[in-house]
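Since the structure comes first, as structure tokens, the remarks are kept for the end.
2 protein chains.
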Amino acid sequence: MEKKAALDALSALSQETRLDLFRLLVTAGPEGLPAGVIAERLGVLPSSLTFHLNHLVRAGLITQRRLSRQLIYAAEYGTMNGLLAYLTENCCGRDALCNPACNPSDAFTTGESDEAPARARQR
Amino acid sequence: MEKKAALDALSALSQETRLDLFRLLVTAGPEGLPAGVIAERLGVLPSSLTFHLNHLVRAGLITQRRLSRQLIYAAEYGTMNGLLAYLTENCCGRDALCNPACNPSDAFTTGESDEAPARARQR
DNA sequence: ACGATATTTCACGTAATCTCGAATTAGGCC
DNA sequence: GGCCTAATTCGAGATTACGTGAAATATCGT
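For the protein sequence lines, the chains are S and D, in the order given.
At the far end of the first sequence sits residue 129, using our numbering, and the numbering has no gaps.
At the far end of the second sequence sits residue 129, using our numbering, and the numbering has no gaps.
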């Protein structure tokens, strides 16, 4: 996962309603839940729910499929995996600083890797 | 880490300048960097930098200490650990769904194997 | 076709976020 | 004290995010 995708995922999860929503879908499993059930469980207006659902879909964190009359949303576990991997690799320092339960034996690319760090100062 | 702290951390990291900033401090190590060096490396105006630094401090992701004339900022690795733990526990489904690098027993294929499921070796 | 249900789209108001430049505080040195 | 540098605070402007309610779209059942 590259930086842009990580930023999209982080931004999508950095809002309480969406974090609750994603956690609900994660616990719901791969079958997912219809929008109506989600709205009822979270207590949000349908139009607000669509707003947040679209945000999560755009970030690739959930998927949408239609089942007859209802739209089913389900967590996309792979994207969450990718975000965790990105954060672990890029934002966790070297050595076993992060995820000590994991004890990753190798592969910490030292230094900044895939992004150009400098942005020209505009004015 | 409880939800409120996780939201603060996610919100702090969901902005490009702040993500770059945090990554820079992570690679800089526990000694940290003075604000001036950070501003120069990222190409950000001083007032904007303070805005983002404060945001990260409020989220507990970095710390501030004064060294004579300059203010040194350093990554707070523990908070990042806590965020990763929170996401792994609350947003990753059951058991071995997330952090496959930690759990090589990948007995779960719900069809979303299109995205990078394991840590993509970059470079 | 008609009605009912499920969900989205649209328009609008408000609040939050981000950037910028000028002014200000803090500390060190002559 | 006066001066310089480091960094922050302040105030204003532009942009974006969020919540709400009314209207529109899609699908199913009769």
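Beta carbons are placed, not taken as given, at the ideal position from N, Cα and C, and that holds for glycine.
- Rounded to the nearest angstrom, the gap between the Cα atoms of residue 33 (chain D) and residue 76 (chain S) is 47 angstroms.
- Under the rule that a run must span 4 or more residues, the alpha helix (DSSP H) segments found entirely inside the region 12–44 of chain S read 22–34.
- DSSP places residue 91 (chain S) inside the alpha helix (DSSP H), whose first and last residues are 83–96.
- Straight-line measurement puts the Cα of residue 65 (chain S) at about 26 angstroms from the Cα of residue 31 (chain D).
- Separation of the CB atoms of residue 41 (chain D) and residue 79 (chain D) is rounded to 7 angstroms, and the pair is thereby assigned contact status at 8 angstroms.
- Interface flag for residue 54 (chain S) against chain D is unset, since no Cβ pair is found closer than 8 angstroms.
- The region 10–30 of chain S makes contact with the region 87–97 of chain D; the number of CB pairs closer than 8 angstroms reaches 3 or more.
- At a beta-carbon threshold of 8 angstroms, the residues of chain S lying near residue 32 (chain D) are 96, 97, 98, 99, ordered along the chain.
- Taking 8 angstroms as the cut-off between beta carbons, the residues of the region 61–82 of chain D near chain S are 81, in sequence order.
- Within the region 49–74 of chain S, the alpha helix (DSSP H) runs of at least 4 residues that lie entirely inside it are, in chain order, 52–64.
- Taking all protein chains shown into account, residue 8 (chain D) has fewer than 16 neighbouring C-beta atoms within 10 Å of its C-beta and is therefore exposed.
- When S:92, S:91, S:10, S:29 are compared, the shortest CA-CA separation from residue 59 (chain S) is found for S:29.
- Taking every protein chain shown into account, the CB of residue 46 (chain S) has fewer than 16 other CB atoms within 10 angstroms, so this residue is exposed.
- In this structure, residue 20 (chain S) places its C-beta atom within 8 angstroms of the C-beta atom of residue 20 (chain D).
- Cβ-Cβ separation between residue 15 (chain D) and residue 85 (chain D): approximately 6 angstroms, consistent with a contact (criterion under 8 angstroms).
- Your pair residue 90 (chain D) and residue 13 (chain S) does not check out as a contact, with CB atoms roughly 17 angstroms apart and the cut at 8 angstroms.
- A Cβ of chain S is located within less than 8 angstroms of the beta carbon of residue 28 (chain D).
- Within a 10 Å sphere around the beta-carbon of residue 35 (chain D) sit fewer than 16 other beta-carbons, which makes this residue exposed.
- Each residue's CA atom was taken as its position, placing residue 57 (chain D) and residue 37 (chain S) some 42 angstroms apart.
- The beta carbon of residue 86 (chain D) sits closer than 8 angstroms to some beta carbon of chain S.
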